[in-house]
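Engineer: Quick one: the structure is below, and I'll ask about it shortly.
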Amino acid sequence: MATGNRQLTTGVRDESGGAMPASAVVKLPTGADFRAAVYGVSFAGSADPEGGARRAPGSRFAFASEVLLQSGARPSHALVELPLGAWSERAPRVAAAEGGPLAGVKLGTRAKAHVLSGKRAYTLLVGSVAAIQHDLGADAATLTVLDDRWLLEGVPVAGQFIRDPARELTLYRERGPCRFNPDGRPNCLDTAAGPLFAPYPGYGRADGDAEPAPGAATAAARPWRHADIAEYLAATLASEAYAAETAAFPHFARADASRVLVPAGLGLALLGDAEHEPEDARGAGGFTAADREGAGRAPDLTLEGLDLLAALNRVVESAGAYALWCAPLEDSWRSVLRIVPARHLDGAGGTALARPAGGALGAHGGALGARAGTLEEDGTELYTRVVVAGDAAELERRLAFEPEGGGGLAAAWSAEDEEAFRAYVRDHPEHPGSAEAFLEAAWRYPRVFAAYHVDAEFDWLEGTKYAGFPRATPHPPILPRLLSEFTEEIEGQIRRVFPAATTVELADDEGEFRARTQLDGLEVDDDGTLWLPGLREAGLSDPQSGTWKGDLADAGTLEARALRVTLALRLDARLTAALGLHGSGEGAGADPNAEAGALAEGLARTYRVDAEGAYREHLRRESWPVPESVEGAEAAPDRAAEGAELRGDGARARAHAQRRLAEVARARRSGRLIFPAPALWTPGTAIEELVNAGGTGRYPVRGVVARVRHSYARQETEVELA
């Protein structure tokens, strides 16, 4: 290369082999190094920059004034400058004239931004022209090239791809919600082509069954993991693997695999890294393997209505400290989507950088050195304790209503209303002692013989680990369903059956309990009231089937019958788990990602995560979902065992707290490092420490590259750390 008049000629030659005219000389700052890099751009149809084949119009002059590579949910971009009047004697001065330098470039044209250093070219970004700005006065154009995350923004997520093992079919349900693990219930099935939705949550699972292992859930549902969701999105929305299932939906959109590759194994990066499941990260209070069971299980995630890029971003952020990055695919005009770490992982090593302090930069074995920049240790967003709160715990318990009290259920009507009810039936002006008078009394006093709630004096938490917890309401809310679930076999196929919310047994005149089936009008109020108006009225036709007994002709004899029922109750207490960076107790210990002595012991800030319905604990105590009068007391099913646990999510909540602590319990080390161009960094690269060139000083960085900005004008590369 030659220098002169404070300009540099790039040395790029036109197709005839001659040097480019003076108007094509790229102007660089005063004192620019003669080894300065050139950030060029080529368009689809041209040869790679070092080749000699035909190039598309405009590629001879185009250069990238800025290339920004970034991880996350926003695409990387290149700003491309194109001097349209470079060959004024041959090209018209109208921006988009046919035959001009921009004639072969339009919106959507594939483009590569590369850096030329010496005789080598390195591709930085592959994408599409997304915007063209024509400057008629300067006779130039500025193009914006976005990487292929931009294309993923145009692929909506809708519906479900479902595997039906009973019919051996895979089908697409357009109106099915793209919801994973709804309310914490598993709905993932494994197929030869990857994970798909089960026909319904809990498919093929009998009460108390163990969860199938990943890869083995072919007939019974298992929970989705974050990796499974990423694989599902890649297979259904970024390939033609399920094209036959959507043939009847011509509007179904998929990513263009000829431009951006979304690997089927995209989610493998989300499985079991050192940060999320450290073996002994918490010292004496550390977690065992059993504690961490289910750590990769995804919470209740709804992706319906999002685009593919936003959906994948939500999945990787939910999984932990991860980010998306779109890298050029070698020797092609395609790119590939990757999942990279967004935070430094303990024990993952990384790159050591040199800095020119305490010695000559070249004395450090040729290591790449930062010539300028800033590093910051920031504690403004630091937390030393994390609490994960799941949904409220739920308890299934068998309760009874006894007119004299003591069975756990109490009448939700007053003694005064009951006496007024009798009086109305007895003293009706037209139909005393009749069914008509009874129905009118029921309309005037709707709670009498029909409404029940948990007795305020009854300790429904006795014998459970929540017995000592404070309670905000005297009557716990009654859930409209039981926690127990059952299955039945239909033609050799196991299918889940969801029973009624409650099964009522009423005592007959001899005190023997009998199951009732007339549950018309069964309702559960938000205030914890159970209504049985249908059973109350059933007593008019069959006295043994009603919630009351006595003679209407002698209304003073009317009284409530004993009944018993298994109810599901929602506790005031939420399922929670906490971990602390300092102090003592469960989970205490030094965070391996925090520098020794960097934090004061007195620093106390708590980060609270509301996991909503993702984590819930179900308990059963004295439960009898199948009525004793039907099942028989001698059957004594194990589901009736006192204190039996239906499902406990405590270990999952603790594992979640552990992962969150690894993300928030650290001093954030951010930085802006300046390197001489070109510095070929990519997002997700770990930087372990800075080393003084020629000296012994070491500064721990322990950061991850979040974005890289290449500047043509400044001839430098700026690296920002996460």
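Under this note's numbering, the first residue of the sequence shown carries the number 10, and numbering increases by one thereafter. Where is the CB? At the ideal position from N, CA and C, for every residue including glycine. Nothing here was measured: the structure is a model prediction, and the numbers come from that model.
Looking only at its own chain, which residues have a Cβ that is under 8 Å from the Cβ of LEU488, when we skip the five neighbours before and after it?
Structural biologist: GLU403, ALA510, VAL533, LEU576, ALA577, LEU578 and ARG579
Engineer: Buried or exposed: where does LYS558 fall if 16 or more other Cβ atoms within 10 Å of its Cβ makes it buried?
Structural biologist: buried
Engineer: Please report the distance separating the alpha-carbon of ARG573 from that of ALA459.
Structural biologist: 14 Å
Engineer: Please return the same chain residues whose Cβ sits closer than 8 Å to the Cβ of ALA53, not counting the five positions on each side in sequence.
Structural biologist: ALA65, THR118, ARG119, ALA120 and TRP342
Engineer: For TYR209, does the three-state DSSP call read helix, strand or coil?
Structural biologist: coil
Engineer: Beta-carbon within less than 6 Å of VAL345's beta-carbon, same chain only, minus the 5 sequence neighbours each way: which residues are those?
Structural biologist: LEU270, ALA336 and LEU338
Engineer: Let me check one thing: in DSSP terms, what residues is LEU280 bridge-paired to?
Structural biologist: According to DSSP, which records beta bridges pairwise, LEU280 is partnered with nothing at all.
Engineer: What do you reckon, are the CB atoms on ALA239 and LEU321 nearer than 8 Å?
Structural biologist: yes
Engineer: Could you give the distance in angstroms between the alpha-carbon of LEU277 and the alpha-carbon of GLU546?
Structural biologist: 60 Å
Engineer: What does DSSP give as the partner residue(s) for ASP199 in the beta ladder?
Structural biologist: ASP199 pairs with PRO204.
Engineer: So VAL89 is in the beta strand (DSSP E); what residue range does that whole segment cover?
Structural biologist: 86-92
Engineer: Indicate whether PHE430 and TYR454 have their beta-carbon atoms separated by less than 8 Å.
Structural biologist: yes
Engineer: Let's see if you can read the secondary structure: which residues bound the alpha helix (DSSP H) around ALA320?
Structural biologist: 317-328 is the extent of the alpha helix (DSSP H) around ALA320.
Engineer: On the three-state DSSP scale, how would you describe LEU346?
Structural biologist: Three-state result, LEU346: strand.
Engineer: Please report the straight-line C-alpha distance between ALA361 and GLU471, rounded to a whole angstrom.
Structural biologist: 59 Å
Engineer: By the three-class DSSP mapping on this structure, what secondary structure does GLU385 have?
Structural biologist: Note: GLU385 maps to strand in three-state DSSP.
Engineer: May I ask you to report which of helix, strand or coil DSSP gives HIS665?
Structural biologist: Looking at HIS665 - three-state DSSP - the assignment turns out to be helix.
Engineer: Quick one, which of ARG490, PRO84 and PHE478 has its alpha-carbon nearest GLY163's?
Structural biologist: PRO84
Engineer: Output the residue ranges of the alpha helix (DSSP H) runs that lie fully inside the segment 384-453 and measure 4 residues or longer, sorted by chain position.
Structural biologist: 424-435 and 444-453
Engineer: Can you list, in chain order, the residues of its chain with a C-beta nearer than 8 Å to that of ARG432? Leave out the 5 residues immediately preceding and following it.
Structural biologist: Here residue 432 turns out to be Ala, not Arg, going by the sequence shown. Contacts found: ALA564.
Engineer: Rounding to the nearest angstrom, what Cα-Cα distance links GLU411 and ALA516 in this structure?
Structural biologist: Their backbone Cα atoms lie some 10 Å apart in a straight line.
Engineer: Can you name the start and end residues of the alpha helix (DSSP H) that PRO542 belongs to?
Structural biologist: Taken as a continuous stretch (DSSP letters only), the alpha helix (DSSP H) holding PRO542 covers 542-547.
Engineer: Report the option in LEU549, GLY659 and SER550 whose CA atom is closest to the CA atom of ALA587.
Structural biologist: GLY659
Engineer: Name the DSSP bridge partner or partners of ARG131?
Structural biologist: The question names Arg, but residue 131 is Tyr in the sequence shown. BP columns for TYR131 point to VAL124.
Engineer: Within its chain, find whatever has a CB closer than 8 Å to the CB of GLY712; leave out the 5 residues flanking it on each side and keep chain order.
Structural biologist: Closer than 8 Å at the Cβ level, and outside the excluded window around GLY712, lie HIS353, ARG678, SER679, GLY680, ALA695, ILE696, LEU730 and ALA731.
Engineer: Can you name the start and end residues of the alpha helix (DSSP H) that GLU240 belongs to?
Structural biologist: 235-246
Engineer: Consult DSSP for GLU254 and reduce its assignment to one of helix, strand or coil.
Structural biologist: Helix at GLU254.
Engineer: Is it true that the CB of GLY399 sits closer than 8 Å to the CB of ALA662?
Structural biologist: yes
Engineer: What is the DSSP secondary structure of ARG158, reduced to helix, strand or coil?
Structural biologist: Three-state DSSP puts ARG158 in a helix.
Engineer: In three-state terms, what does DSSP make of SER638?
Structural biologist: When secondary structure is reduced to three states using DSSP, SER638 falls in the helix class.
Engineer: With DSSP run on the structure shown, which of helix, strand or coil describes GLU697?
Structural biologist: Secondary structure at GLU697: strand, using DSSP grouped into helix, strand and coil.
Engineer: Does DSSP put ASP535 in a helix, in a strand, or in coil?
Structural biologist: The three-state reading of DSSP puts ASP535 in coil, since its state is none of H, G, I, E or B.
Engineer: Does the count of Cβ pairs from the segment 174-185 and the segment 146-161 closer than 8 Å reach three?
Structural biologist: The segment 174-185 vs the segment 146-161: no contact.
Engineer: If I follow the unbroken beta strand (DSSP E) through THR575, where does it start and stop?
Structural biologist: 572-589
Engineer: Determine the contact status of SER80 and TRP334, defining contact as a CB-CB distance below 8 Å.
Structural biologist: yes
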